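First to last, the sequence lines map onto chains L and D.
Everything in the first sequence is counted per the UniProt record's numbering, starting at 1 for the first residue and increasing by one.
Everything in the second sequence is counted per the UniProt record's numbering, starting at 1 for the first residue and increasing by one.
Note that CB positions come from ideal geometry on N, CA and C, so glycine has one too.
Every value quoted in this text rests on a predicted model; they were computed, and no experiment measured them.
Inspection log for the structure reproduced underneath, given as structure tokens.
2 protein chains.
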Amino acid sequence: MPGLDDTDHEILQLLLEDARRPYSDIAERVDLSAPAISDRVDRLVEMGLIQGFTVDVDRSLLQAGVPVLIEVDAKPGRAADIAASVSDADSVERVYRTAGGRVMLAATVPQSDASELLAEHVDLGDVNRYEVRMIADSEWAVGLGGAEFAPDCAECGNSVDEEGEQRTLDGERYYFCCGSCAERFVDQYESLKDGV
Amino acid sequence: MPGLDDTDHEILQLLLEDARRPYSDIAERVDLSAPAISDRVDRLVEMGLIQGFTVDVDRSLLQAGVPVLIEVDAKPGRAADIAASVSDADSVERVYRTAGGRVMLAATVPQSDASELLAEHVDLGDVNRYEVRMIADSEWAVGLGGAEFAPDCAECGNSVDEEGEQRTLDGERYYFCCGSCAERFVDQYESLKDGV
DNA sequence: ATTGAAAGAATATATAT
DNA sequence: ATATATATTCTTTCAAT
């Protein structure tokens with residue numbers, strides 16, 4: 001199990017601040033060569049820590065309206081469907097599905113008309129109740145702190161330490177707390193796949 | 001007031017998918033030259049539509065624990081402070097402050113112990129009540145849809161159309177629905193600044 | 001917005017620590 | 001295993017149109 005050293009943290013932090021920063025610039029700041037940065041970034045992507053490079057779009061400029069947080073209390077078993085269908089809406093920026101059958105959306109809706117957004121994208125028969133609140137302010141963390149690389153075991157959910165293992169299945173990387181969890185997971189994964 | 005054409009939309013969409021994609025690659029896809037892409041991206045940044053280039057970090061791999069949504073019901077007037085102080089916590093990924101004195105956090109906390117996170121970063125005397133819910137699934141929109149560039153007037157809040165105006169104050173760009181709103185805003189801005 | 005030239009950055013390979 | 005130096009390739013930027 002590869003951990004993260006201080007340099008990895010610095011690289012991550014620098015990329016969080018500006019993902020188009022040249023590797024040579026990063027290299028200089030962390031006292032390494034550009035190829036070394038390239039290798040490390042590749043590794044961070046491989047590890048699944050960097051999920052992608054993206055652009056921070058101010059959606060409030062794109063969609064006339066006010067930013068709101070909508071909390072949807074779904075009927076039993078309907079939350080996943082609601083989360084999936086609502087995320088197709090152009091005005092929806094982020095979707096969280098939580099335990100207890102609730103779905104929280106951050107969206108920008110015209111003159112605080114959230115009901116229309118829901119009516120268009122979800123079956124209101126699936127909804128018990130919903131609540132809309134205007135967002136006054138939102139921000140996202142650009143800091144990482146001294147966080148450790150600490151994935152959860154894909155099989156049992158325990159945290160993975162130095163003795164952990166990893167497997168790559170269909171391009172996705174999975175982490176495990178021990179060899180037996182890894183094997184159990186892989187077996188299950190493959191039998192599921194054979195079934196298809 | 002400059003609008004967005006289809007090409008701008010495509011560029012934005014391509015950058016959302018991969019912000020490190022070379023401009024030459026984008027150029028090919030939208031049938032333009034690389035320098036043209038560079039100019040347009042610069043304009044999108046100037047407009048404030050692109051707020052920055054960043055990296056999508058899987059924080060659940062960095063912080064041992066489970067992802068949760070924490071809803072904090074703040075005492076009157078304390079929400080802004082809570083939002084500010086809590087966003088310093090390493091485990092907090094996103095903070096929304098909504099009308100009605102509530103703060104919603106997306107965070108990753110060790111063995112669903114959210115109270116510790118709050119206790120460490122906010123004065124619990126400021127809090128009426130809070131609720132923690134495990135996040136089962138979360139995703140963010142990578143699509144833009146056919147959204148129009150539709151900023152709200154910085155002065156009156158109405159939507160800004162073709163006849164709108166824009167001013168740049170201390171490097172920040174502001175949009176207005178009409179000239180008088182722009183003037184009022186600038187006057188107020190400057191008198192506030194003089195006061196300091 | 002394009003072209004073409006020049007500067008600059010990323011990667012592959014071989015090599016050294 | 002991990003970093004480096006160099007060479008090659010690919011990108012971006014700048015000027016002129």
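Partner residues on chain D for residue i, Cβ-Cβ distance less than 8 Å
| i | result |
| --- | --- |
| L/Gly77 | Here the premise fails: no neighbours, minimum Cβ distance about 13 Å. |
| L/Ser115 | Within 8 Å Cβ-Cβ: nothing; L/Ser115 doesn't reach chain D, min ~17 Å. |
Best match in the options for proximity to residue i [C-alpha to C-alpha]
| i | options | result |
| --- | --- | --- |
| L/Asp88 | L/Val132, L/Glu120, L/Asp73 | L/Glu120 |
| L/Val103 | L/Cys181, L/Val127, L/Glu116, L/Val109 | L/Val127 |
| D/Glu139 | L/Glu93, L/Gly157, L/Ile50 | L/Glu93 |
| L/Glu28 | L/Asp42, L/Glu17, L/Ile11 | L/Ile11 |
| L/Tyr175 | L/Leu32, L/Ile37, L/Phe149 | L/Phe149 |
| L/Leu169 | L/Glu183, L/Val142, L/Val122, L/Asp161 | L/Glu183 |
| D/Ala19 | L/Val30, L/Val57, L/Ala136 | L/Val57 |
| L/Ser38 | L/Ile26, L/Ser115, L/Val86 | L/Ile26 |
| L/Ala79 | L/Leu117, L/Asp42, L/Val122, L/Val41 | L/Val122 |
| L/Gly16 | D/Phe53, D/Leu32, D/Val41, D/His9 | One detail in the question is off: residue 16 of chain L reads as Leu in this sequence, not Gly. Taking only the C-alpha atoms, the option nearest L/Leu16 is D/Phe53. |
| L/Cys153 | L/Gln166, L/Leu144, L/Val95, L/Asp137 | L/Gln166 |
| L/Val109 | D/Pro151, D/Leu69, D/Ala84 | D/Pro151 |
| L/Leu69 | L/Lys75, L/Leu61, L/Ser91, L/Ser85 | L/Ser91 |
| L/Tyr163 | L/Ala99, L/Gly179, L/Asp73 | At residue 163 of chain L the sequence reads Glu, which differs from the Tyr that was named. That would be L/Gly179, whose Cα lies nearest to the Cα of L/Glu163. |
| L/Ala84 | D/Gly65, D/Asp137, D/Pro35, D/Leu44 | D/Asp137 |
| D/His9 | D/Ser24, D/Leu49, D/Pro22 | D/Leu49 |
| L/Leu32 | L/Thr7, L/Asp42, L/Arg43 | L/Thr7 |
| D/Ser159 | L/Ser60, L/Leu117, L/Ala99, L/Ala36 | L/Ser60 |
| D/Ala99 | D/Glu71, D/Ser24, D/Ala107, D/Gly3 | D/Glu71 |
| D/Gly3 | L/Ala114, L/Leu117, L/Ala74, L/Leu62 | L/Leu62 |
Residue range of the beta strand (DSSP E) that includes residue i
| i | result |
| --- | --- |
| L/Gln63 | Run containing L/Gln63: none; DSSP gives neither H nor E here. |
| D/Ser91 | Here D/Ser91 belongs to no beta strand (DSSP E), and DSSP marks it neither H nor E. |
| L/Glu10 | Careful: L/Glu10 lies outside any beta strand (DSSP E), inside the alpha helix (DSSP H) at 6-17. |
| L/Val55 | 50-57 |
| L/Glu165 | 165-169 |
| L/Glu172 | 172-176 |
Exposed unless 16 or more other CB atoms sit within 10 angstroms - verdict on residue i
| i | result |
| --- | --- |
| L/Glu46 | exposed |
| L/Arg97 | buried |
| L/Gln188 | exposed |
| D/Leu124 | exposed |
| D/Glu131 | exposed |
| L/Val142 | exposed |
| D/Gln51 | exposed |
| L/Leu192 | exposed |
| D/Gly65 | buried |
| D/Glu172 | exposed |
| D/Gly101 | buried |
| L/Arg40 | buried |
| D/Arg129 | exposed |
| D/Glu155 | buried |
| L/Pro67 | buried |
7 Å Cβ cut-off: residues of chain L touching residue i
| i | result |
| --- | --- |
| D/Thr7 | None at all; the shortest Cβ gap to chain L is about 15 Å. |
| D/Ala106 | Tyr96 |
| D/Glu93 | Trp140, Ala141 |
| D/Ala147 | Leu62, Gln63, Asp90 |
| D/Ala136 | Arg97, Thr98, Ala99 |
Enclosing alpha helix (DSSP H) for residue i [first to last residue]
| i | result |
| --- | --- |
| D/Val41 | 34-47 |
| D/Asp161 | Premise fails: D/Asp161 is in no alpha helix (DSSP H) and is neither H nor E. |
| D/Gly179 | 179-195 |
| L/Asp25 | 23-30 |
Proximal residues of chain L, C-beta to C-beta of residue i below 9 Å
| i | result |
| --- | --- |
| D/Ser85 | Going along chain L, no residue has its Cβ under 9 Å from D/Ser85, so there is no contact; the nearest lies around 12 Å. |
| D/Leu144 | Val57, Arg59, Leu62, Asp90 |
Neighbouring residues, chain L, relative to residue i (Cβ below 8 Å)
| i | result |
| --- | --- |
| D/Ser24 | Within chain L, no residue comes near D/Ser24; the closest Cβ sits about 14 Å away, beyond 8 Å. |
Amino acids of chain D, ordered along the chain, whose beta-carbon sits closer than 7 Å to that of residue i
| i | result |
| --- | --- |
| L/Pro151 | Leu61 |
| L/Gly125 | Residues of chain D passing the Cβ test: none, with the nearest at roughly 22 Å. |
| L/Gly100 | Arg133 |
| L/Ala19 | Ala19, Arg20, Phe53, Thr54, Val55 |
Partner residues on chain D for residue i, Cβ-Cβ distance less than 9 Å
| i | result |
| --- | --- |
| L/Leu16 | Thr54, Val55, Val57 |
| L/Ser38 | In chain order: nothing, as chain D lies at least about 12 Å away. |
Complete alpha helix (DSSP H) runs within the stretch 87-158 of chain D (minimum length 4 residues, chain order): 114-121
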